[in-house]
Structure formats: C-alpha cells, structure tokens
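A quick write-up on the structure given underneath.
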Amino acid sequence: MPTLIGFGAILLWAALALLTSLTTRLPLFEWLALTFGLATLLSLPMLLRRGALASLRAVPVGGWVLGIVGLFGYHAFYMLALKNAPTAQAGLIAYLWPLLIVLLSMLGQPLGRWTLPVIGGGLGLVGAGLLVFDPGEGGFRAEYASGYGFAIICALLWSGYSVLNRRYSAVPTVAVVVYCGVAGLGGLGLSLAFEDWVTPRGLEWVGLVGLALGPMGLAFFVWDFGTKHGNVTLLGALSYFAPLLSTVLLVLAGRAQPTWALAVATLLIVGGAGLAAVGLRHKTAAGTNT
637 MPTLIGFGAI LLWAALALLT SLTTRLPLFE WLALTFGLAT LLSLPMLLRR GALASLRAVP
697 VGGWVLGIVG LFGYHAFYML ALKNAPTAQA GLIAYLWPLL IVLLSMLGQP LGRWTLPVIG
757 GGLGLVGAGL LVFDPGEGGF RAEYASGYGF AIICALLWSG YSVLNRRYSA VPTVAVVVYC
817 GVAGLGGLGL SLAFEDWVTP RGLEWVGLVG LALGPMGLAF FVWDFGTKHG NVTLLGALSY
877 FAPLLSTVLL VLAGRAQPTW ALAVATLLIV GGAGLAAVGL RHKTAAGTNT
C-alpha cells in the first residue's frame, strides 16, 4: 500500500506540463515561489490537527536538512538548468533521477538482484528521452555546460532525497508543509534578486492553484510517505510513467500531437517497469515493504 500511495505522486506529476503550460509567461523563480507558496497555504490546515505541531518538535536536524534541500534544492537547480541550457536537454539530464533512485536503492544488494531493475530503469530513461529530447535543439554543446551541470545536480539531489528519506521514516509527513514553505521563501528570494515580478492573471491563477493542489503540492506528501515506507526501487522505475502520462495529457488537451516516439516510449517505459517489478519479487519476498 505505501508504494501505491507513492505512485500517486507520479500520477500527479503527469499533470505538471499541462498546468505549467498555463503559466509560461511567469519568470521561473517567481513560478517556484508562487506554486510552493500556494501549496503551503493550502496545506496549513494539516498543522492545525491535534498533535501535528508537537510532532514537528521531534524532527531531527538531519530530517529538516534532507527535506528542505530535497524539495528546494532540486527545483532551484532545475530552474537554473533551464536558464542555462536548452529546455529539452536540461530536462533529459534531470530525468536521470528515476534511474539514480534505482541504482542508489540497490546498493548493498547482491549483484544478481541488480540486473532486471537496472535494465528496467534504463529502458525507462530511453523512453523518457524520446519524449523530452528535441533534435531541433542540436547536440550537447560546451557553451551549455553550466546548465548541464545544474541538471545533474538536481537529479542527484532528488534521487538522494528519495532514497535517504527512509532513514527518517519516523518524521511525520506533515513536515512537508514546512519544506514547501521554505522552498517558497527561497524561490521568492531568488525571484526578487534576479527577476522582474510579473503579476499573474486569469488562467495563470488557475494553473498556479492547480499546480499547488497537485503536482507541486499533494504529490510531495504522498511521495514522502511512499519513499519512507514503500519500495523505493520500484517507485524509481515507475517514475518514468510521469513524462509518458504527461505527454498523453498534452495530446488529449490538444497541446501536442501523437507521434511514433510516443508509441515507442510507451513500450519502453511499460516494459521497463515490468522488468523492474519482476526483478524485485525476490526482494519483496525477503521482507521489503510494498
């Protein structure tokens, strides 16, 4: 059940591109500040529950650092990557994080258990690459090295956060409210320092609220629970469903066209997830939570 709850985050992230398409006029760090800020406001009632604030007093420093660096660090470096490299190339590098989750979570396991999960994660990466890479942007170029570096950092931060989160399984998920609040303040600081503020209007507010409710809000709460108590290796392999479902939603909304790449990516991602699931059966039988 925890793994299934964690998969809910992947389903919510599938709506990220569609909702973001309503907010493209907004500067990147402002977008970060507004989405996390709204997510914090919408989740504040969780802190009013009996015992919620008291439970936060017991959170160790390491738990706060991991959560805040995970959420804010990943998104801040992703925004920096988008500012310093072509979008599709930065996105492809950043999407190393599901494969990195598979690799990092398998450390310490017998090598015989690595084969299918790693192959499955690799197939998912190839499938995601077909969806996000734009040949029109050309090959990787040295002038975008800083952007590529930022994308690598954000992939390492999110995969590291996701795998290490299990060490803080006693930390209540309500702590994510604070993570989002700090991320929102960090985004606001960066926006005020480096951007001109653009006042959202009309459908942009619809997109922002939708993001705060789903892919930039609830998704982090269920991902926190899933990575703490579920099978994080399987969640890593399943994460490549996010760009696939995202593309499908864009097609259904008329904002993208169906292509052969979508069909091939579907086969690769579904097949990769299946291989990973089969490869993890032995691990599950050995007593891992699912």
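Residue numbers (the numbering used here): 637 to 926. Glycine included, C-beta positions come from ideal geometry on N, C-alpha and C. Bear in mind that the values here come from a model prediction, so they are computed numbers and not experimental data.
Does DSSP put Asp860 in a helix, a strand or coil? Helix.
Quick one: Cα of Leu898 to Cα of Leu655, how far? Each residue's alpha carbon lies about 20 Å from the other.
Rounded separation between Thr926 and Leu759 - CA only: The predicted position of Thr926 is uncertain, since its pLDDT is 42 and thus under 50; no value can be drawn from it.
Here's a check: name, in chain order, each residue in its chain whose Cβ is nearer than 8 Å to the Cβ of Val842, leaving out the five neighbours to either side. Around Val842: Leu658.
What separation, rounded to the nearest whole angstrom, lies between the Cα atoms of Ala787 and Thr671? Going by the C-alpha atoms only, they are around 20 Å apart.
Please state whether DSSP places Gly698 in a helix, a strand or coil. Correct three-state label for Gly698: helix.
Here's the rule: buried if 16 or more other CB atoms are within 10 angstroms of the residue's CB, otherwise exposed. What is Trp896? Trp896 comes out exposed.
Of all the options Ala675, Pro663, Gly785 and Tyr710, which has the alpha carbon lying nearest to the alpha carbon of Asn720? Among Ala675, Pro663, Gly785 and Tyr710, the Cα nearest to that of Asn720 belongs to Gly785.
Which of the three DSSP states, helix, strand or coil, is assigned to Trp841? Helix, per DSSP.
Taking only runs of the alpha helix (DSSP H) that begin and end inside the stretch 650-717, which ones reach a length of at least 4 residues, in chain order? You should have 652-656, 664-679, 688-692 and 697-704.
Distance, Cα to Cα, Pro808 vs Glu779? Whole-angstrom Cα-Cα distance: 43 Å.
Gly699 to Thr863, Cα distance in whole Å? Those two C-alpha atoms are separated by around 14 Å.
Where Val705 and Leu793 are concerned, what is the direct C-alpha to C-alpha distance, given to the nearest angstrom? Roughly 7 Å between the two C-alpha positions.
Take Gly703 as the anchor and find which of Leu826, Phe857 and Tyr797 has the nearest alpha-carbon. Out of Leu826, Phe857 and Tyr797, Tyr797 has the C-alpha closest to the C-alpha of Gly703.
Would the beta-carbon of Gly763 fall within 8 Å of that of Ala717? The answer is no: Cβ separation not under 8 Å.
If we count the other Cβ atoms within 10 Å of its Cβ and call it buried at 16 or more, is Ala690 buried or exposed? In this structure Ala690 is exposed. Its beta-carbon is surrounded by fewer than 16 other beta-carbon atoms within 10 angstroms.
Residue from Met637, Leu664 and Leu680 whose Cα sits closest to the Cα of Cys816: Nearest option by C-alpha distance: Leu680.
Alpha helix (DSSP H) runs wholly inside the stretch 787-860, at least 4 long, in chain order: For the stretch 787-860, the full-length alpha helix (DSSP H) segments reaching 4 residues or more read 812-830 and 839-849 along the chain.
Candidates Val799, Val887 and Thr660: which alpha carbon is nearest Thr835's? With distances taken between Cα atoms, Thr835 lies closest to Thr660.
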